[in-house]
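Presented below is the structure to which this report refers.
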Amino acid sequence: MAQRRTAWTRLTTPFATIPASTATTLALAMWVVVIGGWALLSYGRVVPNMFLPTPGTVLETTYRMSLDGSLFYHTLTSAKVVILGFIVSSLIAVPLGLWMGTYRAVQAPLEPLVNFIRYLPVTSFVPLFILWIGIGIEQRIAVIFFGTFFQQLVMISDCARSVSRDLVNASYTLGTKRSEAVWHVIFPAALPAILDTLRVTMGWAWTYLVVAELVAASSGLGYISLKAMRGFQVDVIFMAIAAIGLLGLITDTAFRVLRARVAPWAP
Amino acid sequence: MTETVKANNLDGMASANIDARAAGTTMAIEDVTLRYGDANGVLALDDVSLKVARNEFCVIVGPSGCGKSSLLYLAAGLNDATSGSIKVDGREVIEPGPDRGMVFQGYTLFPWLTVRANIEYGPKRKGLPAEQRKQIVDQYLNEVGLAPFADHYPAQLSGGMKQRVAIARALANDPAVLLMDEPFGALDSQTRGTMQKLLLRVWERQQKTVLFVTHDIDEALVLGDRVLVMTARPGKIKAEIKVDIPRPRSMDVILEPDFIALKRRILGLLHDEIDEDH
Numbered sequence: 001m002a003q004r005r006t007a008w009t010r011l012t013t014p015f016a017t018i019p020a021s022t023a024t025t026l027a028l029a030m031w032v033v034v035i036g037g038w039a040l041l042s043y044g045r046v047v048p049n050m051f052l053p054t055p056g057t058v059l060e061t062t063y064r065m066s067l068d069g070s071l072f073y074h075t076l077t078s079a080k081v082v083i084l085g086f087i088v089s090s091l092i093a094v095p096l097g098l099w100m101g102t103y104r105a106v107q108a109p110l111e112p113l114v115n116f117i118r119y120l121p122v123t124s125f126v127p128l129f130i131l132w133i134g135i136g137i138e139q140r141i142a143v144i145f146f147g148t149f150f151q152q153l154v155m156i157s158d159c160a161r162s163v164s165r166d167l168v169n170a171s172y173t174l175g176t177k178r179s180e181a182v183w184h185v186i187f188p189a190a191l192p193a194i195l196d197t198l199r200v201t202m203g204w205a206w207t208y209l210v211v212a213e214l215v216a217a218s219s220g221l222g223y224i225s226l227k228a229m230r231g232f233q234v235d236v237i238f239m240a241i242a243a244i245g246l247l248g249l250i251t252d253t254a255f256r257v258l259r260a261r262v263a264p265w266a267p
Numbered sequence: 268m269t270e271t272v273k274a275n276n277l278d279g280m281a282s283a284n285i286d287a288r289a290a291g292t293t294m295a296i297e298d299v300t301l302r303y304g305d306a307n308g309v310l311a312l313d314d315v316s317l318k319v320a321r322n323e324f325c326v327i328v329g330p331s332g333c334g335k336s337s338l339l340y341l342a343a344g345l346n347d348a349t350s351g352s353i354k355v356d357g358r359e360v361i362e363p364g365p366d367r368g369m370v371f372q373g374y375t376l377f378p379w380l381t382v383r384a385n386i387e388y389g390p391k392r393k394g395l396p397a398e399q400r401k402q403i404v405d406q407y408l409n410e411v412g413l414a415p416f417a418d419h420y421p422a423q424l425s426g427g428m429k430q431r432v433a434i435a436r437a438l439a440n441d442p443a444v445l446l447m448d449e450p451f452g453a454l455d456s457q458t459r460g461t462m463q464k465l466l467l468r469v470w471e472r473q474q475k476t477v478l479f480v481t482h483d484i485d486e487a488l489v490l491g492d493r494v495l496v497m498t499a500r501p502g503k504i505k506a507e508i509k510v511d512i513p514r515p516r517s518m519d520v521i522l523e524p525d526f527i528a529l530k531r532r533i534l535g536l537l538h539d540e541i542d543e544d545h
């Protein structure tokens, strides 16, 4: 055997695996750099605290708002909006996307329309939704739905379309009827890709939260950010942003776990 | 033995002398033509006729792109011929069905199902009761020697094992004819030899009608009762060669003079095709 590779060679080899401890160290180092940089800029008064709060202030605010329950309350409201919007969207997009990817007759009428709509900015529809739906939670859910659904539809249809033709052909020679192919072959074959799509679009759903709570909301993380802006409470904005990011991280992990449970056969 | 070797030039005619054992014909392909696209499209198959007798192992060899796989897809009902007819047990083929099992060149196991569930797929579609299904699955798992891997997923298997499962999965449906489209083409030569041996053993025990497509002459002669040689595009049946090498055959058969004589004959026929091509 050749001489053992040095750690540096391993780190700089394309696609090479690195020890788990090294990966963890690198991930932690990144956070240290980001939070350290933030601390340096804020404690060192490089940026006035009016614009950039210190980590200590943000932690203090988080602690205070956790104690009085308001952080939990606003987080819950936001999570409810995002998750409901996401679920409603997914419940329609998964079956419809499967059909769209499977049958040209479904794809032909839908695709041009969907590709038109999915490039429209969600924000431009907010006034319309307020007129149509009002200012309740339904309006906020509609914004999340609108931002997620059309992207999901196109991506899930692609998942279905990329299922191997020979897999479907093989199923026919084993007695699968044409009408059964979607459920028995195309859906299970596309499932890992569909779950990946759901995970990615869940992230997008969170990014529409503040847009959804821009107008007429009376609770939620986006709402308290907007309110904090008026009162120059930068620490609250920071806390809300961190909370949204953390929730995104949790749902992302949940989807990874779900995918590993539901499709253990897929790499 | 060599005097029994026949190589009839058929000149594209539907022929009376193909049907080796006409009495027990399982599959009859008559005057099948396949043209892609419109009337000016590429002619892939030109007036192909052949019969496969019951329990016969019939092999088609031909240069690549001659349409031999296309012919198999037509027989499976996965594609429609431009003209002509294909009958299995007297019934016209109009769509795919479990009476024509197929093993593909690429790996087509359902990756979300375990080995056991893959083999069980056909019997399940048929609506057989669980107890009977289990019996069938166990039988074919043993037949292809994969009982210890019953609960593995396809991704955990080697290429040769995947094709063994694919064979078991097709046989579990008890098809009238087993269509095999270069099933060992993607395997390394050692594994291919093992697979040929296994297929012969299974075929001898199960008594199945097989239509097997390959471009490997050795493979054709080791496996087949009869080898049909196809022309380059447009594909026609050019010659029929009976392989009267006694069974059970071992892999050493490729060293015997009879075998080599047959191989030389087929090589000559195929070389004509390749020369004409250029």
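Chains as they are written, first to last, in my numbering: chain A, 1 to 267; chain B, 268 to 545.
Cβ atoms here follow ideal geometry from the backbone N, Cα and C, with glycine treated the same way.
On a CA-only basis, which of the options is nearest residue i? Give me that one, please.
i, options, result
"A/G37", "A/T25, A/T24, A/A23 and A/P53", "A/P53"
"A/A39", "A/M30, A/L110, A/W31 and A/P55", "A/P55"
"B/V319", "B/D539, B/K505 and B/A443", "B/A443"
"A/D166", "B/D313, B/Y388, B/M369 and B/S456", "B/M369"
"A/Y103", "A/V182, A/T6, A/L195 and A/P19", "A/V182"
"A/G134", "A/G175, A/A217 and A/V185", "A/A217"
"B/N440", "B/M462, B/G412, B/Q402 and B/L454", "B/Q402"
"B/A342", "B/H538, B/R532, B/M447 and B/I484", "B/M447"
"A/F145", "A/G136, A/I87 and A/M100", "A/I87"
"B/S337", "B/A311, B/I353 and B/K354", "B/A311"
"B/G394", "A/L174, A/I194 and A/A79", "A/L174"
"B/T498", "B/D313, B/V309 and B/R532", "B/D313"
"B/P330", "B/A453, B/A433 and B/I504", "B/I504"
Would residue i be called buried (16 or more neighbouring beta carbons within 10 Å of its own) or exposed?
i, result
"A/A142", "buried"
"A/I224", "buried"
"B/E359", "exposed"
"B/E270", "Residue placement at B/E270 is flagged as unreliable, the pLDDT there being 36, under the threshold of 50; the coordinate-derived value follows with that caveat. By the neighbour-count rule (16 or more Cβ atoms within 10 Å), B/E270 is not buried but exposed."
"B/G304", "exposed"
"B/A289", "Note that B/A289 scores a pLDDT of 47, beneath 50, so its modelled location is shaky; the value from the coordinates is reported in the next line. Exposed, because fewer than 16 other Cβ atoms sit within 10 Å of the Cβ of B/A289."
"A/N169", "buried"
"A/L26", "exposed"
"A/M155", "buried"
"A/K177", "exposed"
"A/V82", "buried"
"A/T9", "exposed"
"A/P121", "exposed"
"B/K273", "Confidence at B/K273 is low in this model, with a pLDDT of 41, below 50, so the placement of that residue is unreliable and no value is reported for it."
"B/N385", "buried"
"A/E213", "buried"
"A/W139", "The displayed chain sequence assigns Gln, not Trp, to residue 139 of chain A. Buried, since its Cβ has 16 or more Cβ neighbours within 10 Å."
"A/Q152", "buried"
"A/M100", "buried"
"B/H482", "buried"
What separation, rounded to the nearest whole angstrom, lies between the Cα atoms of residue i and residue j?
i, j, result
"A/S157", "A/S90", "13 angstroms"
"B/Q372", "A/V106", "31 angstroms"
"A/F255", "A/A16", "26 angstroms"
"A/T61", "A/H74", "14 angstroms"
"B/N284", "B/S316", "Legend: pLDDT at B/N284 = 39, less than 50; position of this residue unreliable, no value from coordinates given."
"B/A295", "B/E449", "21 angstroms"
"A/P112", "A/L41", "49 angstroms"
"B/G502", "A/M202", "53 angstroms"
"B/K475", "A/F149", "51 angstroms"
"A/F270", "A/P264", "This structure gives no information on residue 270 of chain A, because the portion of chain A shown stretches from 1 to 267."
"B/K429", "A/T6", "38 angstroms"
"A/R64", "A/Y43", "21 angstroms"
"A/V114", "B/T381", "37 angstroms"
"A/K227", "A/L221", "10 angstroms"
"B/K516", "A/A160", "The question names Lys, yet the displayed sequence has Arg at residue 516 of chain B. In a straight line, the C-alpha of B/R516 is about 45 angstroms away from that of A/A160."
"B/S456", "A/S21", "42 angstroms"
"B/L413", "A/V32", "52 angstroms"
"A/P277", "A/L198", "With chain A covering 1 to 267 only, the question about residue 277 of chain A has no answer from this structure."
Counting only beta-carbon separations shorter than 8 angstroms, does residue i have a partner in chain E?
i, result
"A/Y172", "Absence of chain E from the displayed structure is noted, the protein chains being A and B."
**Message:** Would you call the stretch 223-236 of chain A in contact with the stretch 37-52 of chain A, where contact means no fewer than 3 C-beta pairs closer than 8 angstroms?
**Reply:** yes
**Request:** Return the chain-ordered ranges of every alpha helix (DSSP H) run that is complete within the stretch 68-99 of chain A and spans a minimum of 4 residues.
**Result:** none
**Item:** Ranges of the alpha helix (DSSP H) found wholly within the stretch 168-239 of chain A, counting only runs of at least 4
**Value:** 187-207, 209-212 and 221-230
**Prompt:** Three or more C-beta pairs closer than 8 angstroms, one from the stretch 483-491 of chain B and one from the stretch 320-328 of chain B: is that the case here?
**Reply:** yes
**Request:** Quick one: which unbroken beta strand (DSSP E) runs of 3-plus residues sit fully inside the stretch 324-387 of chain B? Chain order, please.
**Result:** 324-328, 350-355 and 367-370
**Message:** Threshold first: 4 residues or longer. Then list the alpha helix (DSSP H) segments lying entirely within the stretch 437-501 of chain B, N to C.
**Reply:** 456-473 and 484-490
**Request:** Return the chain-ordered ranges of every alpha helix (DSSP H) run that is complete within the stretch 5-77 of chain A and spans a minimum of 4 residues.
**Result:** 7-11, 20-43 and 55-67
**Request:** Kindly confirm or deny that the stretch 525-542 of chain B and the stretch 344-357 of chain B touch, where touching means at least three C-beta pairs closer than 8 angstroms.
**Result:** no
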